[in-house]
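Beneath this line is the structure, given in structure tokens, with notes to follow.
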Amino acid sequence: MRLLITGRPGAGKGTQAVNITKFYNIPHISTGDMFRAAIKNQTALGMTAKGYMDKGALVPDEVTIGIVKERLLEPDCKNGFLLDGFPRTIAQAEALDKILSEQNVKLDAVLDVNVAREILVRRMVGRRVCKTCGATYHIEFNKPKTEGICDNCGSALIQRADDTESTAVNRLAVYDSQTAPLLAYYEKQGLLKTVNGDQPVDHVFADIKLALSK
Ligand code: ADP
Ligand code: AMP
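Positions 195 to 408 (our numbering) are the ones given, in order, by the sequence shown.
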């Protein structure tokens, strides 16, 4: 399975990606996670990415395409992958097509997790992530068993630096102007499968499995 998961910021891509990658036994490639790891490790890539991420802007295409190209050449991607949060611009989508055609492979499907923008600021501002294993929670919609503690590994939960209200609003605007055109791009290629992301997490996953089985 070679898959993409797309959708507005906060739609639940990362949450569903965990289920999908476990179910299909494929690696989860999240450009957002790669940038956050680089920031944590204080690498040159992290320094570059941080300035854009803090504002809710996109990291430049040439930087983002470069890290994805390298990642897709790793051996664990040979039999499939799930790209989460990439591509986010038409230029990234065209670059991905080129990378895949050089490897003589094609995407199987593009999942669009559709959630109305009205509830997404609340989803982002209430998001909490485990600082050790990266598991995602929500202070209202997806609470851990013990407040502030990860169910999986017992580490502390933290709020992402870019999950403030003003950055969330900006990220939604960036989605509309730069990422939304990808839906028509993949619809034209016959790859787009839209699922309703405004339902409980396990219902969304059931719809994803159904969409991928067709
Ligand atoms: P994305 O990767 O698309 O930005 P996340 O998977 O991180 O989104 O989810 C954003 C927030 O919404 C998280 O706090 C997550 O726990 C919560 N969430 C995810 N899916 C759902 C859902 N189906 N219903 C309610 N809250 C959800
Ligand atoms: P995410 O974890 O997907 O919500 O991404 C968090 C932030 O990382 C975004 O707001 C961007 O600043 C940056 N980012 C992640 N993926 C990309 C991408 N494909 N292109 C450009 N910037 C990205």
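Every residue, glycine too, gets a C-beta built ideally from N, C-alpha and C.
It should be emphasised that the depicted structure is a prediction, and the values quoted were computed from it without experimental measurement.
*Continuous beta strand (DSSP E) stretch holding D278: start and end*: 275 to 278
*Classification of T326 by the beta-carbon crowding that lies within 10 angstroms, buried from 16 upward*: exposed
*asked:* If you reduce the DSSP assignment to three classes, tell me which class S224 lands in.
replied: Correct three-state label for S224: strand.
_Less than 7 Å separating the Cβ of K300 from some heavy atom of the ligand ADP?_
no
*State the Cα-Cα distance for the pair G245 and L277, rounded to the nearest angstrom.*
23 Å
_Is D356 near the ligand AMP - that is, is its Cβ less than 7 Å away from at least one heavy atom of it?_
yes
*Consult DSSP for C327 and reduce its assignment to one of helix, strand or coil.*
coil
*Cβ-heavy atom distance, R321 to the ligand ADP, below 7 Å*: yes
*Can T209 be considered in contact with the ligand ADP, in the sense that its beta carbon sits closer than 7 Å to one or more heavy atoms?*
yes
*Using 7 Å as the cut-off, classify the Cβ of A231 as near or not near the heavy atoms of the ligand AMP, replying yes or no.*
no
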